[in-house]
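Numbering (our numbering), first residue to last: 84 to 410.
Where a beta carbon is used, it is the ideal one built from N, C-alpha and C, also for glycine.
Working notes, structure below.
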């Protein structure tokens with residue numbers, strides 16, 4: 084049996100970040116209180132008591148923008164486990180990466196957000212696409228795992244610009260990506276822009292369509308997507324997310340759309356009144372069916388089918404679909 088792998092997240096909201104991006108309020112998006120050294124020590128104690136591979140992860144801020152002595156204290160407290168940190172592209176250089184490696188950092192996640200400089204400027208990111216390329220190369224040359232984070236629907240962003248960002252990510256060839264459609268959160272500059280009409284948020288439906296395309300691009304390039312959409316929290320679900328593409332099951336919506344698109348392609352030319360069986364991996368039956376049987380109903384109506392069934396099987400993997408058509 085493959086050893087279980089687990090990531091223990093520790094949040095340091097806004098800590099170390101030299102900029103205040105228009106979309107950002109990490110206290111509402113993630114944890115409200117920054118992790119302390121005692122929290123790190125508690126996490127390592129939990130990790131030590133577990134079987135399998137455990138990784139300590141510092142999320143929510145720009146870790147390498149913290150004072151060096153603070154970074155070193157956190158990293159020392161996380162020993163002897165593999166460590167993952169999240170930071171900004173302009174807070175990475177060769178000496179920083181070498182120091183991180185010496186403490187056991189194995190993975191660096193870069194908040195790239197976009198590879199279009201005009202979008203980055205409109206979002207007040209404080210870095211350029213060139214910084215992303217440079218930082219990525221330094222991390223990869225050092226033999227560390229690289230994860231790139233992108234956002235869709237930022238100020239000045241378009242469908243085409245998001246596809247361009249994905250293409251640039253694919254050219255970098257990271258070990259994984261996170262995709263976060265923009266959510267308008269109270270207490271941010273973007274919230275003020277949205278209220279004044281200076282920013283038009285994309286809808287969940289827009290973001291689902293776009294992210295389905297992005298997922299297909301990354302899948303073709305064999306780049307894993309490790310997160311789709313903001314992690315749901317009580318605060319966001321209770322009203323702190325006022326507009327944009329926030330949904331507690333956003334990832335499932337995207338994969339459901341991917342299955343729908345694939346089924347439509349495979350059913351092209353199906354005669355009316357046919358009986359159709361869609362075979363999918365066992366753990367993907369609900370995703371193929373869609374929330375509230377949405378995919379089921381769309382396919383039945385679009386192809387004028389007499390019946391449609393979704394059956395799970397152990398013979399298929401990943402996002403595969405097998406179709407049986409009985410005219």
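In this chain, the beta strand (DSSP E) harbouring residue 194 covers 188 to 196. DSSP, reduced to helix, strand and coil, places residue 262 within a strand of the structure shown. Residue 356 holds the alpha-carbon nearest to the alpha-carbon of residue 384 among 396, 370, 364 and 356. Of the residues 333, 213, 266 and 164, the one whose Cα lies closest to the Cα of residue 134 is 164. For residue 169, the enclosing beta strand (DSSP E) starts and ends at 165 to 170. Taking a C-beta distance under 8 angstroms as the contact criterion, residue 359 and residue 207 do not qualify as a contact pair. As summarised for the segment 373 to 402, the continuous beta strand (DSSP E) elements at least 3 residues long and confined to that stretch are 390 to 396, given in chain order.
A straight-line Cα-Cα distance of about 52 angstroms links residue 143 and residue 409.
In this structure, DSSP gives residue 215 a helical state, which the three-state scheme calls helix. The C-alpha of residue 152 is placed about 21 angstroms away from the C-alpha of residue 102. A straight line joining the alpha-carbon of residue 316 with that of residue 330 spans about 10 angstroms.
Boundaries of the beta strand (DSSP E) around residue 138: 136 to 142.
For residue 299, the enclosing alpha helix (DSSP H) has its first and last residue at 287 to 303. DSSP, read as helix, strand or coil, puts residue 124 in helix.
Remark: C-beta atoms of residue 235 and residue 262 approach each other more closely than 8 angstroms. Shown here, residue 90 sits in a strand according to DSSP, grouped into three states.
When C-alpha distances from residue 407 are compared across 314, 374, 351 and 367, the shortest belongs to 351.
In the structure shown, residue 182 falls within a helical segment according to DSSP collapsed to helix, strand and coil. Nearest C-alpha to residue 202 among 139, 181, 125 and 282: 282.
Judged by beta-carbon spacing, residue 128 lies beyond the 8 angstroms limit of residue 94, meaning their Cβ atoms are not closer than that value. The bridge partners DSSP lists for residue 370 come to none.
Following the DSSP letters along the chain, one finds residue 228 in no alpha helix (DSSP H) but inside the beta strand (DSSP E) bounded by residues 228 to 235.
CA-CA distance, residue 337 to residue 96, rounds to 27 angstroms.
In terms of Cβ geometry, residue 100 and residue 271 do not form a close pair [threshold 8 angstroms]. The C-alpha of residue 90 is placed about 14 angstroms away from the C-alpha of residue 125. Note that the C-beta distance between residue 239 and residue 213 is not below 8 angstroms. The beta carbon of residue 223 lies closer than 7 angstroms to those of 229 in the same chain, with the five residues before and after it left out. Under DSSP, residue 352 forms no beta bridge with any residue. In the three-state scheme derived from DSSP, where H, G and I count as helix and E and B as strand, residue 342 is classed as helix. Contact check for residue 363 against residue 395 passes: the beta carbons are separated by less than 8 angstroms.
Secondary structure at residue 358: strand, using DSSP grouped into helix, strand and coil. When only Cα atoms are considered, residue 325 and residue 137 end up about 35 angstroms apart. Pairing residue 161 with residue 121, the inter-Cα distance amounts to about 10 angstroms.
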